[in-house]
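Asker:
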Amino acid sequence: MKTNINPFTHAIANKQKQIGLWVSLSNNYAAEVVATSNYDWALLDMEHSPNELTSVLGQLQAFSASSTTAIVRPPWNDSVMVKRLLDSGSEGLLFPMVQSVEEAEQAVAATRYPPRGIRGVSGSTRANAFGRKTDYFQRVEDETTVLVQIETRQALECAELIADVDGISGVFFGPADIAADIGKLGQPNCKEVWDLILPVAKALMAKGMPVGTLMLDPDFAIKLVGEGFTFVAVGSDLSLLAKGADQLCEKVKTKI
Numbered sequence: 014m015k016t017n018i019n020p021f022t023h024a025i026a027n028k029q030k031q032i033g034l035w036v037s038l039s040n041n042y043a044a045e046v047v048a049t050s051n052y053d054w055a056l057l058d059m060e061h062s063p064n065e066l067t068s069v070l071g072q073l074q075a076f077s078a079s080s081t082t083a084i085v086r087p088p089w090n091d092s093v094m095v096k097r098l099l100d101s102g103s104e105g106l107l108f109p110m111v112q113s114v115e116e117a118e119q120a121v122a123a124t125r126y127p128p129r130g131i132r133g134v135s136g137s138t139r140a141n142a143f144g145r146k147t148d149y150f151q152r153v154e155d156e157t158t159v160l161v162q163i164e165t166r167q168a169l170e171c172a173e174l175i176a177d178v179d180g181i182s183g184v185f186f187g188p189a190d191i192a193a194d195i196g197k198l199g200q201p202n203c204k205e206v207w208d209l210i211l212p213v214a215k216a217l218m219a220k221g222m223p224v225g226t227l228m229l230d231p232d233f234a235i236k237l238v239g240e241g242f243t244f245v246a247v248g249s250d251l252s253l254l255a256k257g258a259d260q261l262c263e264k265v266k267t268k269i
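Per the working numbering, the very first residue in the sequence shown carries number 14; after that it's consecutive.
Written out as structure tokens, the structure reads:
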């Protein structure tokens with residue numbers, strides 16, 4: 014058995030637009046509901062959701078039958094957690110709060126086997142179909158998506174150096190944390206935040222580095238894709254459920 018191609022890794026490398034969904038409900042049944050919604054990628058969040066390894070595993074299994082690539086955001090740039098997520102079959106990772114070249118190098122190293130990294134070796138995992146994918150060790154680097162998240166003014170200032178780290182697949186901007194860092198907490202869409210992000214994003218695009226973000230305003234998301242962002246998450250299962258529940262309740266209560 015041969016290793017499967019990760020379509021998301023190759024799509025962003027070829028600058029093909031990829032539309033995604035944030036998955037925060039931390040449940041395999043909920044994941045299965047959105048797995049066949051035809052998004053190009055989904056982000057299974059462990060940083061700001063009550064996800065643990067076993068719940069992420071169930072969600073990865075839910076997405077495995079779909080055409081959507083499931084990327085996991087670990088709670089931190091932790092090589093032990095990364096090892097376990099990759100062994101569980103995650104096709105890519107989004108590393109939160111990467112602030113420097115050294116932290117970007119640490120993230121990449123956690124996804125690579127020696128001598129190119131520090132990932133521990135297991136001969137039988139879900140990732141290699143329990144030993145059946147005979148070319149897994151040879152191809153895993155080419156197929157695994159490694160995304161780093163820029164979330165502060167400090168990180169923005171060294172983003173181009175971070176993007177130069179060998180093994181980085183794309184750079185993801187976190188406007189909510191950037192907003193907080195510049196005194197605009199709760200205002201991720203404000204002009205001051207995007208006046209900082211957009212010049213850096215365009216500089217990375219000019220270098221050929223794919224860039225992405227999460228944008229819950231669909232019109233703003235469409236604008237960013239039009240301006241060259243390669244991978245953009247345009248909503249979350251959590252916000253869809255909350256807004257849908259609120260709208261239904263309001264619609265009925267206002268007419269009775």
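C-beta atoms are modelled at their ideal positions from N, C-alpha and C, and glycine is treated no differently.
1) Distance check for F108 and L254, CA to CA, integer angstroms please.
2) Express the C-alpha separation of T267 and V245 in angstroms, rounding to a whole number.
3) Using the three-state DSSP reduction, which class does I18 fall into: helix, strand or coil?
4) Mapping DSSP to helix, strand and coil, what is G105?
5) Once you ignore the five residues that flank H61 on each side, which residues in its own chain have a CB closer than 8 Å to its CB?
6) Measuring alpha carbon to alpha carbon, tell me which of G136, E154, L70 ends up nearest T147.
7) What ranges does the alpha helix (DSSP H) occupy inside the stretch 35-99, keeping only unbroken runs of at least 4 residues that lie completely in it?
8) Do V47 and L34 count as a contact pair if the criterion is CB distance below 8 Å?
9) Does the Cβ of R86 have 16 or more other Cβ atoms within 10 Å, making it buried, or fewer, making it exposed?
10) Within 10 angstroms of its Cβ, does V121 collect 16 or more other Cβ (buried), or is it exposed?
11) Leaving out five residues before and five after M110 in sequence, what residues of the same chain have Cβ atoms less than 6 Å from its Cβ?
12) Which ranges does the alpha helix (DSSP H) cover as unbroken runs of at least 4 residues, wholly within the stretch 199-265, from first to last along the chain?
13) State the Cα-Cα distance for the pair T243 and K28, rounded to the nearest angstrom.
14) Spatial neighbours of Q72 within its chain, please: C-beta separation below 6 Å, excluding the five flanking residues on both sides.
15) Tell me which same chain residues have a C-beta within less than 8 Å of the C-beta of G131, skipping the five on either side of it?
16) Take I210 and list the residues in its own chain whose beta-carbon comes closer than 6 Å to its own, dropping the five residues that flank it on each side.
17) Determine the direct distance from the alpha carbon of K15 to that of Q151, and round the result to whole angstroms.
18) Apply the 10 Å Cβ neighbour rule to A99 and answer buried if 16 or more other Cβ atoms are within range, or exposed otherwise.
19) Measuring only the C-alpha atoms, how far is E115 from G241?
20) Looking at the structure shown, is T158 part of a helix, part of a strand, or coil, going by DSSP?
21) Sort N17, I191, D155 by Cα distance to A78 and report the nearest one.
22) Nearest to G144 by alpha carbon, out of I32, V184, S101, E118?
23) Hey, out of P20, F21, Q31, whose CA is closest to E237's CA?
24) Where M59 and A219 are concerned, what is the direct C-alpha to C-alpha distance, given to the nearest angstrom?
25) Going by C-alpha distance, which of D177, C171, N202, P127 is nearest V153?
Answerer: Taking the coordinates as given:
1) To locate residue 254, count along the sequence shown from 1; it is residue 241. To locate residue 108, count along the sequence shown from 1; it is residue 95. Roughly 26 Å between the two C-alpha positions.
2) Counted from its first residue, the sequence shown places residue 245 at position 232. Counted from its first residue, the sequence shown places residue 267 at position 254. Cα to Cα, V245 sits roughly 35 Å from T267.
3) On the sequence shown, residue 18 is found 5 positions in, with the first residue counted as 1. Coil.
4) Here residue 105 refers to the residue found at position 92 of the sequence shown. In this structure, G105 counts as strand in the three-state DSSP scheme.
5) Counted from its first residue, the sequence shown places residue 61 at position 48. Contacts found: S37.
6) Stepping through the sequence shown from its first residue, residue 147 is reached at position 134. When only C-alpha atoms are compared, the closest one is G136.
7) 41-48, 66-76
8) As a working note, residue 34 is residue 21 in the sequence shown. As a working note, residue 47 is residue 34 in the sequence shown. Their beta carbons are under 8 Å apart, which means L34 touches V47 by this criterion.
9) Residue 86 sits at position 73 when you count from the first residue of the sequence shown. With 16 or more Cβ atoms within 10 Å of its Cβ, R86 is classed as buried.
10) Against the sequence shown, residue 121 aligns to sequence position 108. Answer is buried; the Cβ neighbour count reaches 16.
11) Position 97 of the sequence shown, counted from the start, is the residue given in the question as residue 110. These residues qualify, in order along the chain: E164.
12) 204-219, 231-239
13) On the sequence shown, residue 243 is found 230 positions in, with the first residue counted as 1. On the sequence shown, residue 28 is found 15 positions in, with the first residue counted as 1. The alpha-carbon atoms of T243 and K28 are separated by roughly 6 Å.
14) Numbered from its first residue, the sequence shown carries residue 72 at position 59. Taken in chain order, the residues that qualify are N41, A44, L57.
15) As a first step, residue 131 is located in the sequence shown; it is residue number 118 there, counting from the start. A small fix is needed here, since residue 131 is Ile in this sequence, not Gly. For I131, where only same-chain residues beyond five positions count, the Cβ hits under 8 Å are S92, A122, A123, R125.
16) Your numbering for residue 210 matches position 197 in the sequence shown. Counting only Cβ-Cβ distances below 6 Å, and skipping sequence neighbours, we find F186.
17) In the sequence shown, residue 151 corresponds to position 138, counting from 1. In the sequence shown, residue 15 corresponds to position 2, counting from 1. Taking the straight line from one Cα to the other gives about 11 Å.
18) As a position in the sequence shown, residue 99 is number 86, starting the count at 1. Inspection of the sequence shows that residue 99 is occupied by Leu rather than by Ala. Classification of L99: buried, given that the 10 Å Cβ count is 16 or more.
19) Within the sequence shown, the letter at position 102 stands for residue 115. Within the sequence shown, the letter at position 228 stands for residue 241. The straight-line gap from Cα to Cα measures roughly 27 Å.
20) By 1-based counting over the sequence shown, the position of residue 158 is 145. Three-state DSSP puts T158 in a strand.
21) What you label residue 78 is simply residue 65 of the sequence shown in a count that begins at 1. Considering only alpha carbons, the answer is N17.
22) Within the sequence shown, numbered from 1, the residue matching residue 144 stands at position 131. Checking every option, the nearest Cα to that of G144 belongs to S101.
23) Position 224 of the sequence shown, counted from the start, is the residue given in the question as residue 237. The question names Glu, but residue 237 is Leu in the sequence shown. Out of P20, F21, Q31, Q31 has the C-alpha closest to the C-alpha of L237.
24) Sequence index remark: in the sequence shown, residue 59 carries index 46 (1-based). Sequence index remark: in the sequence shown, residue 219 carries index 206 (1-based). Taking the straight line from one Cα to the other gives about 31 Å.
25) Translated into the one-based positions of the sequence shown, residue 153 becomes position 140. Closest by alpha carbon: P127.
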